[in-house]
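Heads up, the thing below is written out as structure tokens.
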Amino acid sequence: MRALPWTFLFFMALFYSCNSARQDEVIDGILEVPENRKNTNSRTLRLAYKVLKAKNSDSKKAPIVFLQGGPGGATLTMAPFWKNNLLRNDRDIILMDQRGTGTSEANCVNMGKVMFTIARQDLDFAGEINAVKAILSECKETMKHDGVDLAGYTSAENAADFEDLRKTLGYKQWNLFGVSYGSRLGLTIMRDFPEGIQSVVLAGILAPETNYINNASGNFESSLFNILSRCRENKNCNDRYPNLKARLLKTLKKLQNEPLHFEYKEAPFILNSQDALAILFVSLYDRYSISNIPLLIDAMENEEKQPLIEALKGIEYMYSLVNWPMNFSVMTYEEFPFYDEIALAESLKRSEALFNLPLSTNSGMELMNDWHAYRASELENQPVVSEIPTLMASGGLDHVTPISNATGALKHLKNGYELIFPDESHNLFNPCFFQITEDFFNDPFHTPNLQCSSSGNPIEWNLTSSIQ
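Going letter by letter, the sequence shown gives residues 0 to 467 in numbering that gives the first Met the number 0.
Below, the structure is given as structure tokens:
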């Protein structure tokens with residue numbers, strides 16, 4: 000279950016400007032759209048949006064619309080991050096909670112909290128699947144009672160919502176800025192509504208042709224072991240945390256039979272091998288949390304509970320931020336039809352760290368199979384071909400959307416450029432990235448200056464005894 004979320008850049012608001020906090024103009028609105036454009040009797044959804052007007056009121060530059068990750072992540076919660084972002088100096092910033100998320104008719108909003116209670120228990124993978132299946136079944140019954148049409152929760156419908164928003168706001172063209180699942184959404188908009196786009200910046204690339212399900216476990220393990228190798232190659236890290244890979248694999252097997260018991264927020268938590276993998280998975284999203292991974296492995300081995308308690312906060316936060324009905328709807332429609340069950344089983348057989356997840360080829364996929372019966376056509380598994388100027392950014396340590404995703408997608412983009420941060424992961428929200436983005440939006444047909452991205456920025460390992 001832990002490998003299902005796509006990625007989440009949306010909660011990594013790390014870089015704020017120190018500009019004065021004057022009142023800037025913000026326009027709030029509601030966009031009414033059909034829930035399912037293929038159904039003439041479709042009910043109407045009300046989607047909430049904000050327009051953060053450019054600080055330079057005289058600027059004529061095309062605005063930027065931010066496309067959130069997930070799928071299922073709320074967007075309007077990012078307004079404080081964008082308030083003083085340098086991209087807002089000369090451009091309007093448009094935020095909209097995507098259908099079924101945030102304040103845009105979200106369904107079963109407490110599901111994440113309930114799912115975290117499942118993680119508290121000592122369930123094997125099959126047990127977790129059955130528990131989640133029960134939650135999803137209850138949610139689906141609620142949605143059926145409310146008249147929700149699950150066929151309407153797709154990237155194509157999502158893309159059409161943003162095209163309707165562009166027209167409603169009166170923008171002739173705008174620039175797309177998409178992260179993680181937002182890159183998939185951005186590519187869908189490029190495919191379906193190219194005339195409204197001036198240029199595009201995407202980070203953490205999840206292109207339609209990417210086989211996410213089949214690659215997820217391998218990407219995770221490859222990134223994790225890469226991090227452990229980097230620690231080994233750093234004298235200070237290796238002296239403090241030697242033999243990390245062997246110790247991790249031994250500890251995971253021990254936790255499978257002898258889980259750790261402790262209190263987390265005044266309630267029992269039983270940390271087994273799946274929970275340990277979840278902690279490492281979430282820690283891989285960001286270079287700062289990556290620095291804690293050796294400490295966390297050491298804590299798991301030596302049953303030092305406080306670092307693990309601190310790390311669990313990130314997992315709980317992630318569960319609560321995702322709208323799971325939207326996540327499962329997109330995943331089921333756009334990824335499930337194209338995965339290879341035999342290849343996935345073979346991938347897991349080769350895995351060293353995921354030895355305890357043999358049922359994921361059947362039970363894990365069963366969750367999506369049972370969610371709804373709608374399946375995408377082959378179009379949603381094909382590369383997007385476009386001449387729109389597009390900058391694609393990737394982190395060399397990304398465990399969710401590796402560099403190869405962007406490299407493959409760029410083969411079909413005539414005016415595409417690749418940006419790589421070798422020492423970053425899925426979260427690329429750093430000053431260099433935003434400076435390159437600004438320069439690219441200002442001159443999208445000129446090869447961008449990527450110099451700041453190529454300078455080394457090694458992980459600063461946490462050599463203390465507490466999470467930093």
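Just so you know, even glycine gets a beta-carbon here, dropped at the ideal spot from N, CA and C.
Among residues of its own chain, excluding the 5 on either side of residue i, which ones have a beta-carbon nearer than 6 Å to its beta-carbon?
i      : result
Lys60  : Asp89 and Arg90
Gln197 : Ala61, Gln172 and Asn174
Thr389 : Val199, Leu412 and Gly415
Phe192 : Glu162
Trp323 : Met110
Arg231 : Asn237
Ser464 : none
His260 : Ile269
Met142 : Asn106
Cys451 : Cys431
Leu247 : Ile296
Leu201 : Gly177, Ser182, Gly185 and Met391
Of all the options the options, which has the alpha carbon lying nearest to the alpha carbon of residue i?
i      : options                           : result
Leu409 : Asp191, Ala133, Glu386 and Leu427 : Glu386
Leu469 : Pro382, Met330, Thr74 and Arg349  : Outside the modelled stretch of the chain, which goes from 0 to 467, sits residue 469, for which no answer is possible.
Lys37  : Lys132, Gly126, Thr100 and Thr153 : Thr153
Phe440 : Asn106, Leu254, Asn129 and Phe176 : Phe176
Tyr240 : Asn301, Ala202 and Ser222         : Asn301
Thr476 : Glu137, Asn157, Arg87 and Ile435  : Not covered by the structure: residue 476. The range shown for the chain is 0 to 467.
Ser56  : Arg87, Glu34, Ile308 and Ile226   : Arg87
Asn233 : Leu94, Gln467 and Glu459          : Glu459
Gly72  : Arg190, Ala159 and Leu184         : Leu184
Ala375 : Phe337, Val32, Lys54 and Gln467   : Phe337
Leu343 : Asp442, Val131 and Ala215         : Ala215
Asp148 : Pro258, Ser136 and Glu34          : Glu34
Asp274 : Lys166, Leu353 and Ser58          : Leu353
Lys166 : Gly69, Lys139 and Glu194          : Glu194
Ile29  : Leu44, Asp23 and Asn40            : Leu44
Gly363 : Leu135, Phe420 and Pro306         : Leu135
Phe420 : Ser453, Gly407, Lys252 and Asn461 : Ser453
Leu462 : Thr446, Thr406, Leu378 and Leu294 : Leu294
Gln305 : Met189, Lys264 and Leu254         : Lys264
Gln255 : Arg98, Asp145, Arg229 and Gln120  : Gln120
Ser179 : Asn84, His425 and Lys82           : His425
Ser222 : Glu334, Lys252 and Ile292         : Ile292
Asp23  : Met317, Lys82 and Glu31           : Lys82
Trp32  : Tyr170, Leu164 and Gly126         : Sequence inspection shows Val at residue 32; the Trp mentioned does not correspond to that position. Of the listed residues, the one whose Cα sits closest to Val32 is Leu164.
Leu94  : Ala118, His445, Val108 and Val64  : Val64
Leu168 : Val131, Asn84, Leu85 and Ile92    : Ile92
Lys253 : His398, Glu262, Ser272 and Asn235 : Ser272
Gln467 : Leu307, Pro447 and Tyr373         : Leu307
What does residue i pair with, by DSSP beta-bridge criteria?
i      : result
Lys49  : Asp27 and Leu94
Ile63  : Ile92 and Asn174
Asn268 : The amino acid at residue 268 is misidentified as Asn; the sequence shows Phe. In DSSP, Phe268 forms a bridge with Phe261.
Tyr416 : Leu390
Ala202 : Val178 and Ala392
Ile196 : Trp173
Thr43  : Pro33
Val321 : Gly72
Thr100 : Ser103
Leu385 : Before going further, note that residue 385 is Ser rather than Leu in the sequence given. Note: Ser385 sits in a beta bridge opposite Leu412.
Compute the beta-carbon to beta-carbon distance between residue i and residue j, rounded to the nearest angstrom, for a pair I have assumed lies under 8 Å.
i      : j      : result
Lys244 : Phe219 : Lys244 to Phe219, Cβ: 14 Å. No contact.
Met391 : Leu418 : 7 Å
Pro382 : Pro207 : 7 Å
Asp96  : Ala47  : 5 Å
Gly151 : Gln67  : The Cβ separation is near 18 Å, so there is no contact.
Asp333 : Glu379 : What sits at residue 333 in the sequence shown is Glu, not Asp. With 8 Å as the limit, Glu333 and Glu379 qualify as a contact, their Cβ atoms being about 5 Å apart.
Near residue i, what residues of its chain come up, given a Cβ to Cβ distance below 7 Å and the 5 sequence neighbours on each side ignored?
i      : result
Pro457 : Asp422
Arg21  : Because the pLDDT of Arg21 is 41, which lies under 50, any placement of that residue in the model is unreliable, and the number read from its coordinates should be weighed accordingly. Nothing listed; no residue qualifies.
Leu449 : Leu418 and Ile435
Phe444 : Pro388 and Asn414
Pro258 : Asp121, Ile269, Leu270 and Asn271
For residue i, which residues of its own chain have a beta-carbon under 8 Å away from its beta-carbon, when the five flanking residues on both sides are left out?
i      : result
Asp339 : Asn210 and Asn213
Val25  : Lys49, Val50, Leu51, Lys52 and Ala78
Ala133 : none
Asn404 : Ile204, Leu205, Ala206, Thr209 and Ser393
Thr187 : Ser154, Ala155, Asn157, Ala158, Pro207 and Val383
Thr250 : Ala275, Ile296, Met299 and Glu300
Asp145 : Asn106
Three or more C-beta pairs under 8 Å: does that hold for the stretch 336-352 against the stretch 303-313? With the rule of 3 Cβ pairs closer than 8 Å, the stretch 336-352 does not count as touching the stretch 303-313.
Count Cβ pairs between the stretch 281-301 and the stretch 66-80 that sit closer than 8 Å; are there 3 or more? Counting Cβ pairs under 8 Å, fewer than three are found: no touch.
Touching by the beta-carbon criterion (3+ pairs, under 8 Å), the stretch 111-118 and the stretch 287-305: Under the 8 Å Cβ criterion, the stretch 111-118 does not count as touching the stretch 287-305, having fewer than three qualifying pairs.
Assess contact between the stretch 318-337 and the stretch 367-383, defined as three or more Cβ pairs (one per stretch) separated by less than 8 Å. Is contact present? Because the criterion of three Cβ pairs below 8 Å is met, the stretch 318-337 and the stretch 367-383 touch.
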